[in-house]
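A.B. asks: Input: one structure, supplied below.
Protein chains: 2
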Amino acid sequence: MADQLIPRREMQFQLYEVLNTQALCEKARFEEHNVETFNAVIDMAEKMAEELFLPHNAIADKNEPTFDGTKVSMIDDVKKAFDTYRESGFIAGHFDYEDGGMQLPVTIMNACAGYFLAANPSSTAYPFLTAAAANVIKHCASDEIKNAFLSKMLSGDFTGTMALTEPHAGSSLADIRTNAKPQADGSYRIKGSKIYISGGEHELSDNIVHLVLAKIPGGPAGVKGISLFAVPKYRLDDNGEPKERNDVTLAGLIHKMGYRGTTSTALTFGENDDCHGYLIGEPHQGLRYMFLMMNEARIGVGYGAAMIGYRGYRYSLEYAKDRTQGRAAPNLAPEDDPTPIINHGDVRRMLLAQKAYCEGGMSLCLYGSTLIDELETEEDSDKRTEISQLLDLLTPVFKAWPSEFGPKANDLAIQILGGAGYTREYPVEQCWRDNRLNPIHEGTNGIQALDLLGRKLWQHQGKGLDVLLRRVTSDIHNAKTPRCQTLAKKLSGYLDTLGGLIEQAGVDLKSDKQSVLLTNASCFLNVFSSCVVSWIWLRQANVAELALQATPGEMDADFYQGKLAAAEYFINWELPLVTRDIEILKSQEPSCDNVKPQYF
Amino acid sequence: MADQLIPRREMQFQLYEVLNTQALCEKARFEEHNVETFNAVIDMAEKMAEELFLPHNAIADKNEPTFDGTKVSMIDDVKKAFDTYRESGFIAGHFDYEDGGMQLPVTIMNACAGYFLAANPSSTAYPFLTAAAANVIKHCASDEIKNAFLSKMLSGDFTGTMALTEPHAGSSLADIRTNAKPQADGSYRIKGSKIYISGGEHELSDNIVHLVLAKIPGGPAGVKGISLFAVPKYRLDDNGEPKERNDVTLAGLIHKMGYRGTTSTALTFGENDDCHGYLIGEPHQGLRYMFLMMNEARIGVGYGAAMIGYRGYRYSLEYAKDRTQGRAAPNLAPEDDPTPIINHGDVRRMLLAQKAYCEGGMSLCLYGSTLIDELETEEDSDKRTEISQLLDLLTPVFKAWPSEFGPKANDLAIQILGGAGYTREYPVEQCWRDNRLNPIHEGTNGIQALDLLGRKLWQHQGKGLDVLLRRVTSDIHNAKTPRCQTLAKKLSGYLDTLGGLIEQAGVDLKSDKQSVLLTNASCFLNVFSSCVVSWIWLRQANVAELALQATPGEMDADFYQGKLAAAEYFINWELPLVTRDIEILKSQEPSCDNVKPQYF
């Protein structure tokens, strides 16, 4: 089936009609690329995703990895897919030529990632985590560590993990207990337990490099005393080859509801006091190093949620066109033929909502990816500062909004399939289970709300907000047709209200209203992110209207009409839901703040 | 753990403080009962649910029934639980003494059902379906059929199913193809395929009586030509014992995402042209007979959704009190102790929302159950008519609202547990998977919306709505304290708006606006059911305020404060969400109606 994941027409629209990704080729870093090379890489990703990742997505779900006490086993298809991926050079796709990379923009890497994430998020996790860990090593580690690990990670001979969470502490990294004792040779001995470590054990690669947060005894309390270590599964011999088993053991596999193909592990470091770790960068800077990568990681989570949503959307769309049931007016007689269910209004509602959620989330996260590329390549330092401020501000939205609405899309896909959607004979239920992880990991959406309202808004003296508002206002002015102007006007009204809420929040955070405000932080995230996504949809609508004026062919015209329909749906159906949140925030509604534990 | 399912304090509140269930004992039908006998039955249900149903809920999920081509196997615990249930006489609980029943009110049977549904919805399905099928036979079948099947079903020696859906037709019963050819002996030969038949095959009982919708050749087209048949798995010998295998075969088990302990089957009737079926009642009246039971069945689905939601709510509540993570103001220093997560405002929000959803859904469906009891026992025929009209009108709400919000509650329970909630080591993810069935079966929620807006509102010349509004208005007047009056006033405002929407809908349904109105029917269902559930919460708040004035003990006072908090949460946080729906309906927003299939 052509276009069974993300239609190329859609990807082309986002990259070249909305985001102007081709402009990146004018930057020195990307000067050897052009639209043709971009598309060739996406072609390769699409083909690999469809041929090697998609076919075993459900098989891996049904046959999750097992641990016999010594070794983790999984179906062979995962290794086959992983090997082809790494041999194609994708892990290093974004890295410098001098690292053996392809020096591709993050935006193009994420365009590719979309196909893998829609096809098989579980198998995709192994190389993606490796690239993320390699990125930390590249930017923060000493040459010695880089020499030991980087090129082998970029080739996929070694894989990587991020080992942050501990059983007792969860999201509260201040409370981690894993410790790292300095040794005479400059290395450290690591001791502690980590949990929910994705890709923490498997036989896909020759070695696994865990990036472990731990505390060096005597350091500051809380987050200020966290350091970052590279802890390999196998220590390297003098030739840099993995040899002796390091004292990192798999305490057990965790059995998840979804994402079952990815091993989720409980790891024990230093059970025999012989776990060698190597400090990355300076002591006590571990969290800062991790957070250098956090914007990108959080965009990745949101984007993945949109892509899993997209898979379900496309499947339910095909189903709705194909499946006949009931009658559509005016042919309502028993002897009339049953009609494809897409002709039932409520089914179209569920399809249009999915389109609005998934293409909205996709466009949002590709926008975020472009900001990362611009940040990396912009030569004007003032502009770079602006981009950085905007990126920081929007990161909670990139993470939280699609990870809330991607699963909602999957829920609607199940509903369209009805009883069939509830069975494991169809793929939509797995999409829904897989996607449920995304509101949880990389900072729960509750934490994102606090991060936005309590911190990000006010960072850099609130300049990120100024940048955002300038950009939104510019697109509001770019709405030239009556349809787009109607949308722009609605968004304007909500933006004015949002401005008032932010002003009020600035005052309340310093008063005794702080508690109720932060308790209701999710309402603020709703208002803020719905405005942002409405803007993302207005941008798409503006492009579509302009394209329609140029009298495109029939298929393109339908495509652009679909964009307008989804934009109108979003701004007329989804944005007004935040009226509730606005009222909650304005009235400082105290129900959740006041309710006492004993009342439950 | 005491009260691990539904706290008895909560059940007592609903039954005896809100619904005045004890008043039913004044009716002749229930005159042998009193609060003590009611509570004794609930005690028994609670104990049985906790001891025999709850322990194997996760085990049955992990070890779903299998079919070896001849026989369906499942874990032994299911039969043990089923046998104890049937031996306790619960299947016949609501039936007449003369049928061997306990002649208990539906309200009390549903109070009991709550414990089973929260503990283990899958194993509960077998006896519940049997009682429902027996109910149809009792009310619609000839004495011959009753004599053959009824008492054996009520004892659980035989079980029952409802075989409506066919693979090609889904919800469109007009299009079923299963046919029934009359035979000289008065029986019929059934031929056709059914799908998603719960409990369609197993070894729990000596026989399975399928209630099958089929068409007698030569009958009217569409739904008017549907008849109902009793089709046993084994035909009975002259002594009424199951003997020869009837020609009903299991084409296969369906593998569901949740509810895995209940066999879901594809059944073939008459593969060898020898499937004997027995007409229930008159020919071509099959759908009417099924719909006689539909109000009760749909309340059952909604109630089950609320109860599965409740299980997750209680679990996440205990978790939130127990699990420490992060700090709460003013003790924010690293050296301060971590705090139970219930002290984080956003966690309390997620708990309060769950409480509002689940206790709202529970109260709503127990209210519906009381209507059924009143309908059965009211002697004044005018009053009986009113009750019947109200019951018809509210049935789509009883079914759809809790089946939308129960899963939402389960989603929040997962979020509170975070990473742990996403694993199969904790029960909340199973609750979420199990509950996802409820918006689909017994008429999808999209169908409920159409049923309400297109049919139920206008039935009986709209008198159901009059009855509802009188009752709501009465409770609005009963709001005597400032807190309740504030809630009542808000609800009043929405009711006025709802009245306007209904007036408009009456006009639009007869105009060219019909299509856009029905496409947006889900918005109407949202407005209508949110008003109804707000009323249900106002009723609870009124009771709580009155009780608080009587200065109850500390634990009771906390309980009533919790009721007020949840009522305020619901009316301040959930009801205003329908502002969006009101706008959609008022403006006849055309996005979903206008979007063309080729735009997707």
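Quick mapping for you: the protein sequence lines, in order, are chains C and W.
Take the first sequence: its letter number 560 is residue 560 in UniProt numbering, and every next letter is one higher.
Take the second sequence: its letter number 320 is residue 320 in UniProt numbering, and every next letter is one higher.
Idealized CB from N, CA, C, for every residue including glycine.
This one's a predicted model, so the numbers in the text were calculated from it and none came from an experiment.
Measure the C-alpha to C-alpha separation of residue 454 (chain W) and residue 509 (chain W) and round it to an integer number of angstroms.
C.D. replies: Roughly 8 angstroms between the two C-alpha positions.
A.B. asks: Does the distance from the CB of residue 266 (chain C) to the CB of residue 195 (chain C) come in under 8 angstroms?
C.D. replies: Going by C-beta atoms, residue 266 (chain C) is nearer than 8 angstroms to residue 195 (chain C).
A.B. asks: In this structure, how does DSSP classify residue 209 (chain C) when only helix, strand and coil are distinguished?
C.D. replies: In this structure, residue 209 (chain C) counts as strand in the three-state DSSP scheme.
A.B. asks: Would residue 372 (chain C) pass as a contact of residue 106 (chain C) if the rule is Cβ separation under 8 angstroms?
C.D. replies: Cβ atoms of residue 372 (chain C) and residue 106 (chain C): closer than 8 angstroms.
A.B. asks: Are there three or more Cβ pairs, one per stretch, closer than 8 angstroms when the stretch 172-181 of chain W is compared with the stretch 118-134 of chain W?
C.D. replies: The stretch 172-181 of chain W vs the stretch 118-134 of chain W: no contact.
A.B. asks: With a threshold of 16 other CB atoms inside 10 Å of the CB of residue 2 (chain C), please say whether the residue is buried or exposed.
C.D. replies: With a pLDDT of 49 at residue 2 (chain C), under the threshold of 50, the modelled position of that residue is not reliable, and the figure given next carries that caveat. When all chains shown are included, residue 2 (chain C) counts as exposed.
A.B. asks: Does DSSP classify residue 189 (chain W) as helix, strand or coil?
C.D. replies: Correct three-state label for residue 189 (chain W): strand.
A.B. asks: Does the count of Cβ pairs from the stretch 541-553 of chain W and the stretch 357-377 of chain C closer than 8 angstroms reach three?
C.D. replies: Flag = no, the stretch 541-553 of chain W and the stretch 357-377 of chain C do not touch.
A.B. asks: I need the straight-line Cα distance from residue 476 (chain C) to residue 458 (chain C), nearest angstrom please.
C.D. replies: Going by the C-alpha atoms only, they are around 24 angstroms apart.
A.B. asks: Residues in the same chain with beta-carbon distance under 7 angstroms from residue 589 (chain W), minus the five sequence neighbours each way, listed in chain order, please.
C.D. replies: Correct list, in chain order: 520.
A.B. asks: Which value, in whole angstroms, describes the spacing of the CA atoms of residue 386 (chain W) and residue 467 (chain W)?
C.D. replies: When rounded, the distance between both Cα atoms is 7 angstroms.
A.B. asks: Does any C-beta atom of chain C lie closer than 8 angstroms to the C-beta of residue 171 (chain W)?
C.D. replies: So yes, residue 171 (chain W) belongs to the interface.
A.B. asks: Run down chain W in chain order and give the residues with a C-beta less than 9 angstroms from the C-beta of residue 74 (chain C).
C.D. replies: Near residue 74 (chain C) there are no residues of chain W at all, since even the closest Cβ is about 17 angstroms away, more than 9 angstroms.
A.B. asks: I want to see whether chain W comes within less than 8 angstroms of residue 424 (chain C), judged by CB atoms only; does it?
C.D. replies: Yes, because at least one Cβ of chain W sits closer than 8 angstroms to the Cβ of residue 424 (chain C).
A.B. asks: At 7 angstroms on the CB atoms, spell out the chain W contacts of residue 501 (chain C), in chain order.
C.D. replies: Correct list: empty, because the minimum Cβ distance to chain W is about 16 angstroms.
A.B. asks: Based on the DSSP secondary-structure assignment, which residues constitute the bridge partners of residue 214 (chain W)?
C.D. replies: DSSP lists W:227 as partners of residue 214 (chain W).
A.B. asks: For chain C, check one thing: does any of its Cβ atoms lie closer than 8 angstroms to the Cβ of residue 573 (chain W)?
C.D. replies: Answer yes: the Cβ-Cβ gap between residue 573 (chain W) and chain C drops below 8 angstroms somewhere.
A.B. asks: So residue 606 (chain C) and residue 57 (chain C) are in contact, right, with Cβ under 8 angstroms, and what is the actual spacing, rounded?
C.D. replies: The requested residue 606 (chain C) does not occur in the structure, where chain C is confined to residues 1 to 600.
A.B. asks: Looking at chain A, is there any beta carbon in it that lies within less than 8 angstroms of the beta carbon of residue 196 (chain C)?
C.D. replies: Although the question refers to chain A, the structure presented lacks it and instead comprises the protein chains C and W.
A.B. asks: Excluding the 5 residues preceding and the 5 following residue 99 (chain C) in the sequence, name in chain order all residues of the same chain whose CB lies nearer than 8 angstroms to its CB.
C.D. replies: Excluding sequence neighbours, residue 99 (chain C) sits near 92, 138, 150, 151, 154.
A.B. asks: My assumption, with CB atoms under 8 angstroms, is that residue 576 (chain C) sits in contact with residue 201 (chain W). Please give the rounded CB distance.
C.D. replies: Contact flag wrong, Cβ pair sits at about 49 angstroms.
A.B. asks: Confirm, please, whether the CB-CB distance from residue 491 (chain W) to residue 440 (chain W) is below 8 angstroms.
C.D. replies: Going by C-beta atoms, residue 440 (chain W) is not nearer than 8 angstroms to residue 491 (chain W).
A.B. asks: Would you list the one or two residues that DSSP bridges to residue 179 (chain C)?
C.D. replies: Beta-bridge pairing links residue 179 (chain C) to C:191, C:215.
A.B. asks: Please confirm if residue 2 (chain C) has its CB atom under 8 angstroms from at least one CB of chain W.
C.D. replies: Annotation note: pLDDT 49 at residue 2 (chain C) (below 50); position unreliable, coordinate value reported separately. No, its Cβ sits nowhere closer than 8 angstroms to a Cβ of chain W.
A.B. asks: For residue 33 (chain W), which residues does DSSP report across the bridge?
C.D. replies: Beta-bridge pairing links residue 33 (chain W) to no other residue.
A.B. asks: Starting from the beta carbon of residue 255 (chain C), find every residue of chain W whose beta carbon is closer than 7 angstroms, and list them in chain order.
C.D. replies: The contacting residues are 423, 424, 425.
A.B. asks: In the DSSP assignment, find the beta strand (DSSP E) that holds residue 243 (chain C) and state where it starts and stops.
C.D. replies: 242-245 is the extent of the beta strand (DSSP E) around residue 243 (chain C).
A.B. asks: Hey, could you find the ends of the beta strand (DSSP E) residue 95 (chain W) is sitting in?
C.D. replies: Counting along the chain, residue 95 (chain W) falls outside any beta strand (DSSP E), and DSSP gives it neither H nor E.
A.B. asks: Quick check: the stretch 430-446 of chain C against the stretch 391-403 of chain C, are at least 3 beta-carbon pairs closer than 8 angstroms?
C.D. replies: Verdict: yes, contact present.
A.B. asks: Taking residue 276 (chain W) as part of the beta strand (DSSP E), name the residues at either end of that continuous run.
C.D. replies: Note, residue 276 (chain W): beta strand (DSSP E), 276-279.
A.B. asks: With H, G and I counted as helix, E and B as strand and the rest as coil, what does DSSP make of residue 170 (chain W)?
C.D. replies: Residue 170 (chain W) falls in the coil class under three-state DSSP.
A.B. asks: Assuming contact is defined by CB atoms lying nearer than 8 angstroms, are residue 229 (chain W) and residue 278 (chain W) in contact in what I supplied?
C.D. replies: Going by C-beta atoms, residue 229 (chain W) is nearer than 8 angstroms to residue 278 (chain W).
A.B. asks: Please identify, using Cβ separations under 7 angstroms, the residues of the stretch 341-365 of chain C that lie next to chain W, in order along the chain.
C.D. replies: Against chain W - using a Cβ distance shorter than 7 angstroms - the residues of the stretch 341-365 of chain C are 342, 345, 346, 348, 349, 351, 352, 355.
A.B. asks: Within its chain, find whatever has a CB closer than 7 angstroms to the CB of residue 275 (chain W); leave out the 5 residues flanking it on each side and keep chain order.
C.D. replies: Excluding positions up to five away in sequence, the list reads 189, 190, 191, 231, 246, 247, 248, 269.
A.B. asks: Would you mind reading off the limits of the alpha helix (DSSP H) that contains residue 104 (chain W)?
C.D. replies: Careful: residue 104 (chain W) lies outside any alpha helix (DSSP H) and carries neither H nor E.
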